[in-house]
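So this note's numbering is basically just the index in the sequence shown, starting at one, shifted up by 251.
Just so it is clear, CB atoms sit at the ideal spot from N, CA and C, and this is done for glycine as well.
To start, the structure itself, in structure tokens.
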Amino acid sequence: MPCALYPVAGNPTHMLRVCPLPNPNGGLRYAVIPPGTATLVPVGGGPPVTPQELLAWARSQLALPLPAVQTAPPHGSDGLVGLPEWFWVAPGQWHPMSARVQVGGVWAQVTAHPARLQVQPGTGTSVACPGPGTPYNPRLAASAQHTSCSYTYAQSSDGLPGDDYQVSVTVVWTAAWQGSGGAGGILAPLGRTTVFALPVAEAQALNPGS
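Here it is, written out as structure tokens:
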């Protein structure tokens, strides 16, 4: 993608030269070249940028994290047939994120809010969990703890590829954007997914961590 020239708001004889650059985290980032300066070019050297055009740039800058999924029984331990497997995301990841791009006086900002977990336990079913899930506390009695984000396996994983269930946990983000001149609106939901193997063994157990 080549560099583009955009008018500077309030100064029709100056243009900003904006170029795509490699992003260490993947994709592209956009920068004014030279940084923070304007290049003098003839009027009409390029079309005015719009907030809608900057929206695509802002979305590419929105670095939503992969879910840091925790479970009970914890990672490294087998799940157990008949025992609810708890899923949750590290609480520190559960906060809004935003990215803003501005060229001259024109800008666009995307804001995403984590809304729910979508757990596919590897059995062909899916579990929708409002919020980040509830951390399991091994210091408390199991009867005193509850979660809306768990799945109970009816069969062991023996005989499956790798003798594991392949679990995927997706954080679904609601997103909206705002831009200069009153632009903005609701965006399609965004998602980031973590996949991991979960062995499930045959056992008789009543409570997580028992």
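Which of helix, strand or coil DSSP assigns to residue i
i, result
"residue 367", "strand"
"residue 345", "coil"
"residue 331", "strand"
"residue 321", "strand"
"residue 283", "Any reading at residue 283 must be qualified, since the residue scores a pLDDT of 49, below 50, and its modelled position is unreliable; no value is offered."
"residue 433", "helix"
"residue 304", "helix"
"residue 442", "strand"
"residue 406", "coil"
"residue 353", "strand"
"residue 412", "helix"
"residue 393", "helix"
"residue 448", "strand"
"residue 419", "strand"
"residue 454", "coil"
"residue 290", "With a pLDDT of only 44 at residue 290, under the threshold of 50, the placement of this residue in the model should not be trusted; the figure read from the coordinates follows. Strand."
"residue 399", "coil"
"residue 314", "coil"
Within 8 angstroms, strictly: CB atoms of residue i and residue j
i, j, result
"residue 385", "residue 335", "no"
"residue 351", "residue 358", "yes"
"residue 449", "residue 415", "yes"
"residue 418", "residue 372", "yes"
"residue 361", "residue 426", "yes"
"residue 431", "residue 302", "yes"
"residue 315", "residue 441", "yes"
"residue 407", "residue 332", "yes"
"residue 389", "residue 339", "no"
Residue i versus residue j: straight-line alpha-carbon distance, rounded
i, j, result
"residue 393", "residue 443", "30 angstroms"
"residue 325", "residue 363", "29 angstroms"
"residue 452", "residue 348", "39 angstroms"
"residue 397", "residue 391", "11 angstroms"
"residue 411", "residue 330", "15 angstroms"
"residue 282", "residue 312", "The predicted model places residue 282 with a pLDDT of 49, which falls under 50 and marks its position as unreliable, so this point remains unresolved."
"residue 328", "residue 401", "16 angstroms"
"residue 437", "residue 343", "25 angstroms"
"residue 454", "residue 409", "13 angstroms"
"residue 413", "residue 446", "14 angstroms"
"residue 405", "residue 323", "17 angstroms"
"residue 429", "residue 439", "14 angstroms"
"residue 395", "residue 387", "11 angstroms"
"residue 321", "residue 399", "14 angstroms"
Among the options, the one whose alpha carbon lies nearest that of residue i
i, options, result
"residue 376", "361, 395 and 420", "420"
"residue 353", "308, 438, 433 and 408", "308"
"residue 433", "405, 356 and 446", "356"
"residue 337", "378, 435 and 413", "378"
"residue 310", "322, 435 and 401", "435"
Integer-rounded CB distance, given that residue j should sit under 8 angstroms from residue i
i, j, result
"residue 423", "residue 366", "5 angstroms"
Any C-beta of chain D under 8 angstroms from that of residue i
i, result
"residue 384", "The displayed structure is made up of one protein chain only, and chain D is not part of it."
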